[in-house]
Structures are given as C-alpha cells and as structure tokens.
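Peer 1: Got a structure here, written out as structure tokens. Questions coming.
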Amino acid sequence: MLPPVASRFVAGESAATVLEHARKMNESGVGVICNRLGEHYHERDPADADAAAYERLVADIGGSDLRACISVKPSQLGLFVDEDVFRETLARVVDAAADHGVFVWIDMEDHTTTDATLDAFEHHARERGGGVGVCVQANLRRTADDLDRLADCPGKVRLVKGAYDPPRDVAFTEKSRVNEAYRTDLEFMFREFDDGIAVGSHDPAMLTLAADLHSKHGTPYEVQMLMGVREDAQRELAGACDVWQYAPYGEKWLSYFYRRVLERKENALFALRAIASG
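Just so you know, the sequence shown maps onto residues 9 to 286 in our numbering.
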C-alpha cells in the first residue's frame with residue numbers, strides 16, 4: 009500500500025495496478041504511458057531484470073484493448089554500466105514492443121546522457137520507421153540543434169522544460185529564459201516536423217500556444233502530463249486533442265521521490281502545488 013501522497017503520483021507497485029490505472033484513465037479519453045520505476049543502475053542484473061519486466065508489460069498491453077505504451081530510462085537499462093549494455097537491453101525492449109504493437113518512449117535524464125539517448129532513439133526510429141519516441145529538454149542550450157537534427161526522423165519527440173538542474177554553461181537557468189526557449193522550440197517543431205510532436209507541459213500558456221500552432225500549421229500533436237497533476241485539465245483537453253498521462257509504477261517509489269526532490273528544489277514545490285490544487 010502506498011501512502012496517500014505517493015499514491016497520487018504513482019500508479020501502485022505492480023504492473024497489474026498500472027494497467028488498471030490505464031483502464032480507468034482510458035474511460036476518460038486519456039492514454040497512459042507506463043514507466044516502471046528504477047534508474048541509475050551500476051550493475052547489469054537490475055538492468056536485465058527491468059528489461060524483462062518491460063517485455064512482460066508490453067505483452068500484457070498488446071494482449072489488451074488498452075490505450076497504453078511504455079517509457080524507459082537509459083540509466084535503468086544499463087547506460088551507467090556500459091553503453092553497450094544499454095543498447096542491448098533497449099533493443100530487447102523495443103523488439104518486444106514492436107512484436108506487440110506497443111510504442112516505446114525513451115526518457116531523457118541529466119545532460120550527461122543526452123548524446124547516448126539521442127543516438128539510441130535515432131537508430132531505432134530510422135531503422136523501424138517509427139515506433140519509438142524521445143524526450144528533449146528546452147532548458148538545455150543544445151536543444152535547438154538537437155531538434156534540427158531530429159526534424160526529419162520518424163518517431164516522436166516530447167518537448168519538456170526540464171526537471172534536472174544542469175550547470176549554467178550547458179543550460180538556461182532563469183525561468184523566463186527557459187520559457188522563451190520552450191516557445192521557440194515548440195514553434196520550430198510545429199513548423200518543421202511533419203508529425204510526432206508531444207507537448208510535455210502543464211503550463212496553460214504553452215498548451216494554448218500548441219493549440220494555436222496546430223491551427224496555423226496543421227501539424228498533429230499530443231499533450232503529455234504527469235499522473236496526479238492537473239488531472240481535471242487532462243480530461244477536459246482529451247475532448248479537444250490527443251492526451252497522454254505519464255504514470256510511474258513499481259516498488260522503488262520512495263527513491264523516485266527522493267531523487268526528484270534532491271535534483272531540483274522546484275520539483276518539490278511543483279509537487280506541493282499539485283497536491284494543494286487537488
């Protein structure tokens with residue numbers, strides 16, 4: 009049993025609970041991105057174990073009528089063990105997901121993992137003609153160049169502001185500058201991408217901008233929000249556009265909260281505001 013605060017943001021400890029959560033959200037028109045909690049592994053065994061768990065999960069999703077997919081973290085699949093381990097375990101998961109018709113998102117972690125993550129995404133996206141997605145962070149100074157690189161790549165790209173706290177030489181640190189970068193990046197994506205835009209934001213201003221850009225350019229897009237944050241808005245938006253909720257699950261929920269709070273103080277404030285608004 010999860011404590012009340014955790015249960016708002018985590019869909020239980022087992023695959024069964026996240027799939028049941030997905031079923032309930034689907035009834036409201038919202039798809040669910042299932043993320044098994046686990047990250048920063050420095051040994052291969054847990055990376056292999058989580059890859060196997062994802063293989064079982066995509067089989068369960070593929071055998072159901074759920075509107076659900078999965079999201080994996082590179083450090084969960086062995087990136088900090090060895091990049092070859094990450095490539096091997098990710099290939100296992102992507103192969104299994106493709107066999108069952110399930111989409112795979114590759115999360116972006118701290119700035120030191122960006123190159124390996126984008127390389128892995130581009131490899132699978134171009135090899136398969138889609139079926140995978142990747143997250144990019146607007147607060148990183150390099151993101152405009154990364155989006156230019158990915159503009160003609162099949163698959164999907166999720167744009168977020170960034171939940172980590174990178175150094176000033178690689179990132180914008182002022183909130184206003186991050187917002188400016190997010191708007192600029194979003195405008196580029198709607199203008200230059202043919203498809204595959206995911207707007208990862210709870211900011212009403214950015215969601216309005218995305219809707220306006222869709223009207224202007226006609227580029228298909230989806231909105232992605234976190235479980236436990238503005239869920240009423242998620243249901244309301246589902247009537248106007250494609251909406252997906254990112255739902256973590258698993259036994260490692262305590263370390264998940266602990267890491268998020270330590271990484272950036274704004275994360276804790278964000279969670280507190282979400283609880284207060286609920």
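Ideal Cβ placement from N, Cα and C applies to all residues, glycine included.
Here's the rule: buried if 16 or more other CB atoms are within 10 angstroms of the residue's CB, otherwise exposed. What is A206?
Peer 2: Its Cβ being crowded by 16 or more others within 10 Å, A206 is buried.
Peer 1: Bridge partners of L221, per DSSP?
Peer 2: In the DSSP output, where bridge partners are listed per residue, L221 has none listed.
Peer 1: Relative to the C-alpha of M33, which residue among D160, A60, L74 and D154 is closest?
Peer 2: Measuring from the Cα of M33, the nearest candidate turns out to be L74.
Peer 1: Compare the C-alpha of D6 against each of Y257, E63, P256 and A241 and name the closest.
Peer 2: The question about residue 6 has no answer, for the chain in this structure spans 9 to 286.
Peer 1: Between the Cα of G247 and those of V18, E21 and S36, spot the shortest distance and give me the residue it belongs to.
Peer 2: Measuring from the Cα of G247, the nearest candidate turns out to be S36.
Peer 1: Decide if S22 is buried, meaning its Cβ has at least 16 other Cβ atoms within 10 Å, or exposed.
Peer 2: Exposed, since its Cβ has fewer than 16 Cβ neighbours within 10 Å.
Peer 1: Does G70 come out as helix, strand or coil in the three-state DSSP assignment?
Peer 2: If DSSP states are grouped into helix, strand and coil, G70 belongs with the helices.
Peer 1: Which residues mark the beginning and the end of the beta strand (DSSP E) in which Y190 is found?
Peer 2: Per DSSP, Y190 belongs to no beta strand (DSSP E); it is in the alpha helix (DSSP H), K183 to E200.
Peer 1: Return the first residue and the last residue of the alpha helix (DSSP H) that K32 is part of.
Peer 2: Element bounds for K32: A23 to N34.
Peer 1: Quick one: does the C-beta of V165 sit closer than 7 Å to a heavy atom of the ligand SAM?
Peer 2: Among the components of this structure there are no ligands whatsoever, and the ligand SAM is therefore not found.
Peer 1: Have a look at R16 and M235 and give me their C-alpha separation to the nearest angstrom.
Peer 2: Whole-angstrom Cα-Cα distance: 7 Å.
Peer 1: Closest by CA to L45, which one among V66, A19 and E130?
Peer 2: It is A19.
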